[in-house]
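In this note's numbering, the protein residues as written are 2 to 89.
Even glycine gets a Cβ: it sits at the ideal position worked out from N, Cα and C.
This one's a predicted model, so the numbers in the text were calculated from it and none came from an experiment.
Structure first, commentary second.
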């Protein structure tokens, strides 16, 4: 599903215009990006959080050279148990 399809689907389900639905999605994305470090839990859906990733060696496939990937944080969405059960 593309963003345009998501906007159209939300607009159809809520009775709002596509512009209003797109504004909602943009606002949601912005709030998640700004607050993900604190963790965001939406009961029945999941939790957005940042996970620490350790430094690790990797290989450049084209050259075969070994490189070191530094430690970093990666975004993660951990789905709620109820959500997983409904999707299965």
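Between the beta-carbon of residue i and the beta-carbon of residue j, is there less than 8 Å?
i, j, result
"residue 56", "residue 71", "yes"
"residue 9", "residue 18", "no"
"residue 47", "residue 22", "no"
Using a Cβ-Cβ cutoff of less than 6 Å, which residues in the same chain neighbour residue i once the five nearest sequence positions on both sides are dropped?
i, result
"residue 83", "45"
"residue 60", "67"
Exposed or buried, what is residue i when buried is set at 16 or more other beta-carbons lying within 10 Å of its beta-carbon?
i, result
"residue 28", "exposed"
"residue 49", "buried"
Quick one: grab the DSSP three-state call for residue i.
i, result
"residue 17", "coil"
"residue 62", "coil"
CB-CB under 7 Å to residue i, same chain, minus the five flanking residues each way: which ones, in chain order?
i, result
"residue 69", "56 and 58"
Figure out for me which residue from the options has the closest Cα to the Cα of residue i.
i, options, result
"residue 79", "60, 21 and 37", "37"
"residue 52", "35, 20, 26 and 73", "73"
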